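Written below as structure tokens is the structure these notes are about.
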Amino acid sequence: MALGAVSLPLASRAARADTFPSRPITIIVPFAAGGPTDVLARIVAEYMRATLGHSVVIENVTGASGTVAGLRAARAAPDGYTITIGHWGTHCLNGAIYQLQYDVREFAPIALIASGPQLIIGRPNLPARNLKELIAWLKDNAGKATSGTAGPGSGAHVAGVFFQQLTDTNFSFVPYRGAGPALNDLMAGHIDIMFDQASNSLPQVKSGTVKAYAVTSSSRLASAPEIPTVDESGLPGLYIAYWHGIWAPKGTPGEIVSTLSAAVTAALAEPNARQRFLELGQEIPPPDRQKPDSLRSHQAAEIDKWWPIVKSANIKAE
Ligand code: MLT
148 MALGAVSLPL ASRAARADTF PSRPITIIVP FAAGGPTDVL ARIVAEYMRA
198 TLGHSVVIEN VTGASGTVAG LRAARAAPDG YTITIGHWGT HCLNGAIYQL
248 QYDVREFAPI ALIASGPQLI IGRPNLPARN LKELIAWLKD NAGKATSGTA
298 GPGSGAHVAG VFFQQLTDTN FSFVPYRGAG PALNDLMAGH IDIMFDQASN
348 SLPQVKSGTV KAYAVTSSSR LASAPEIPTV DESGLPGLYI AYWHGIWAPK
398 GTPGEIVSTL SAAVTAALAE PNARQRFLEL GQEIPPPDRQ KPDSLRSHQA
448 AEIDKWWPIV KSANIKAE
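Per the working numbering, the very first residue in the sequence shown carries number 148; after that it's consecutive.
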């Protein structure tokens, strides 16, 4: 009797893993449609379909810098049918900034998918022609200038606070439900600047609808070599690498995580997917560094690095 009671759930769990997936899978995107996380999720989802044999559907759950989606993803059934994409902000910064009803470390990692820098960008009619002139313009417009963010405590907000500290500037932050809507308002001239993921703004930089001042990395982007680095622009060391990963709820069986992980890795090996990531300024890690354990250790290292920085900078979500 006792043996039966113990072995039944294990047997049914194995059976579920054997037949997984038998229906569509949902990837929760914690920000607005059309923004950088949404775009990366849709590329991966498109190519995962081929391996899994079922559609992979995107559901945008927005609000509070991805924490509304975080709770939803944490509470989803651990059966592999609801997973979430997240990044440096949602799965690192939010744990230091918000009082959460879940732990950003509690998810089952599936894959580390890409990393890319931010761009410091401005509205198209901003008079500043380079980063030094932008800093001077922000000082001339102290307290009046505005910077769009993907929410309070988001990566765009945190980067903006560090920029303020380094440059002794003062501007206010305008929160949106994602970097996509914030960028629309920047193009329309409703806000002045953004610290934006390159994957969001590169197409607009290329088409001249926003101004790019610097890339937050030590080297220029292969897909946009005309944009200088922060080091070259007089703001050395303001490096921000915005990495993205995919997670399942904790308790998801290992076999199901492995199936999903293999599907993500196959998607990221597709030449068309790779080309699209490259054009968006995204570096895809080699396959052995995409694995669940690599995402787990990368997230842990980022938390060790950033939580003390964010806490000592006293960055608050309100
Ligand atoms: C988004 O998709 O809106 C972004 O990933 C938000 C962010 O920059 O944190």
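Glycine included, each C-beta is placed from N, C-alpha and C at the ideal position. These numbers were taken from a predicted model, which means no experiment stands behind them.
Expected contact under 8 Å - CB spacing of residue i and residue j to nearest Å
| i | j | result |
| --- | --- | --- |
| A197 | I268 | Contact doesn't hold; Cβ gap of about 35 Å is too wide. |
| A345 | L427 | 7 Å |
| A326 | P183 | 6 Å |
| T231 | A216 | 6 Å |
| A261 | I387 | Going by Cβ atoms, the distance from A261 to I387 rounds to 14 Å, so no, they are not a contact pair. |
Cutoff 6 Å; reference residue i; Cβ partners in own chain excluding five residues on either side
| i | result |
| --- | --- |
| A403 | A small fix is needed here, since residue 403 is Ile in this sequence, not Ala. The answer, listed in chain order, is A164, F167, G227. |
| A162 | Only weak support exists for where A162 lies, its pLDDT of 48 falling under 50; the value from the coordinates is given anyway. Taken in chain order, the list of residues that qualify is empty. |
| G412 | At residue 412 the sequence reads Thr, which differs from the Gly that was named. Counting only Cβ-Cβ distances below 6 Å, and skipping sequence neighbours, we find P434, Q437. |
| I190 | A420, R423 |
| A399 | Checking the sequence, you will find Thr at residue 399 rather than Ala. Excluding sequence neighbours, T399 sits near P225, G227, A255. |
| A335 | none |
| H337 | none |
Residue i beta carbon near the ligand MLT (any heavy atom closer than 6 Å)
| i | result |
| --- | --- |
| T198 | no |
| F320 | no |
| F178 | yes |
| G236 | yes |
| Q248 | no |
| T412 | no |
| A303 | yes |
| Q344 | yes |
| P264 | no |
| A297 | yes |
| G392 | no |
| G182 | yes |
| A221 | no |
| A292 | no |
Residues near residue i by beta carbon distance below 7 Å, same chain, minus five either side
| i | result |
| --- | --- |
| G300 | S212, L240, N241, I244, Y245, I462, A464 |
| T173 | V204, E206, Y228, T229 |
| P322 | T296, G298, P299 |
| I456 | none |
| T214 | N241, Y245, L247 |
| N317 | A289, G290, Q311 |
| A410 | M195, T198, L199 |
Beta-ladder partner(s) of residue i, from DSSP
| i | result |
| --- | --- |
| I268 | M341, A359 |
| T229 | T173 |
| G392 | G233, L259 |
| N207 | V176 |
| F320 | S294 |
Sequence-distant residues of its chain with Cβ nearer than 8 Å to residue i (five each side left out)
| i | result |
| --- | --- |
| L150 | Confidence in L150 is poor, its pLDDT being 41 and thus under 50, which makes the residue's placement unreliable; the coordinate value appears in the next sentence. Around L150: no qualifying Cβ. |
| A448 | none |
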